[in-house]
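Residue numbers (my numbering): -7 to 147.
Cβ coordinates follow ideal geometry from the N, Cα and C atoms, glycine included.
Working notes, structure below.
Here is the structure:
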């Protein structure tokens, strides 16, 4: 897993938040209603708002990763995966993680390359550490077919 942290300036104009974010050689334009952000207030006046964006990925869960969360009582916990970046996550306003593998859960049987299925407890750890955007649109989304996607969505 690697992470990218960018501090970007945003323009709030007529209640819309408009920003351009460049990561590596990709760049995208995003529009968000300013009222949806806790640090921006609706206003007809243009103003600049600082937003910190953090993105990590890919969380690609091979067998050693899902086995690393097995506790002595048989439960699963993956808080350790994000422990060393907790401060960076907390310092960001928009916290994105690319969850490369589906979180189909134990009922589908955990699996690794080439057809991944990961513990849903990894998603619990992502939310607990503070990620507010979790991406699942990856080349592994269909590794367990529609049932894998449905399990992930239901979770």
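Span of the beta strand (DSSP E) around residue i
i, result
"residue 144", "Premise fails: residue 144 lies in the alpha helix (DSSP H), 137 to 146, not in any beta strand (DSSP E)."
"residue 114", "No beta strand (DSSP E) contains residue 114, which is instead part of the alpha helix (DSSP H) from 113 to 121."
"residue 126", "125 to 127"
Cβ neighbours of residue i in the same chain (closer than 7 Å, five flanking residues each side left out)
i, result
"residue 132", "92, 93, 94 and 108"
Through-space distance from residue j to residue i, alpha-carbon basis
i, j, result
"residue 152", "residue 97", "This structure cannot settle anything about residue 152, because the visible part of the chain is limited to -7 through 147."
"residue 147", "residue 114", "11 Å"
"residue 110", "residue 66", "16 Å"
"residue 77", "residue 58", "19 Å"
"residue 46", "residue 122", "11 Å"
"residue 117", "residue 80", "15 Å"
"residue 104", "residue 64", "22 Å"
"residue 145", "residue 73", "22 Å"
"residue 119", "residue 143", "17 Å"
With 16 other Cβ atoms within 10 Å as the buried cut-off, status of residue i
i, result
"residue 106", "exposed"
"residue 62", "exposed"
For residue i, the first and last residue of its enclosing alpha helix (DSSP H)
i, result
"residue 94", "Element bounds for residue 94: n/a, residue is neither H nor E."
Proximity test, residue i beta-carbon vs the ligand FMN heavy atom, cut-off 6 Å
i, result
"residue 89", "For the structure depicted, the ligand FMN is absent and the ligand set is empty, with no information on it obtainable."
Residues near residue i by beta carbon distance below 6 Å, same chain, minus five either side
i, result
"residue 55", "104"
Beta-carbon contacts of residue i that lie in its chain and below 8 Å, excluding the five residues immediately before and after
i, result
"residue 82", "122"
Is the stretch 74 to 89 in contact with the stretch 136 to 146, if contact means three or more CB pairs nearer than 8 Å? no
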